[in-house]
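Residue numbers (this note's numbering): 3 to 61. All residues carry an ideal CB built from backbone N, CA and C; glycine is no exception. A short worksheet on the structure shown next.
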């Protein structure tokens, strides 16, 4: 499992030349998952992503 996060001015996801999701300014996360990846790896990746300094500190 691997992830890439990036600030974007706009982004969209297309399937068969049809837009299925889109955002304006925000954060894009691309996550690569393989069949053998386990939920523990997904939880660890999610924790790493939310701890990156691109998110404002809560509190």
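Beta-carbon contacts of residue i that lie in its chain and below 8 Å, excluding the five residues immediately before and after
| i | result |
| --- | --- |
| residue 56 | 7, 9 and 29 |
Same chain, Cβ closer than 6 Å to residue i, neighbours up to 5 away in sequence not counted
| i | result |
| --- | --- |
| residue 32 | 6 |
| residue 15 | 22 and 23 |
C-beta atoms of residue i and residue j nearer than 8 Å
| i | j | result |
| --- | --- | --- |
| residue 44 | residue 25 | no |
| residue 3 | residue 35 | yes |
Spatially closest choice to residue i from the options, by CA coordinates
| i | options | result |
| --- | --- | --- |
| residue 11 | 40, 27, 53 and 50 | 27 |
Beta-carbon proximity list for residue i, same chain, < 7 Å, skipping 5 on both sides
| i | result |
| --- | --- |
| residue 51 | 5, 7 and 31 |
| residue 17 | none |
Unbroken alpha helix (DSSP H) run spanning residue i, endpoints
| i | result |
| --- | --- |
| residue 52 | 41 to 53 |
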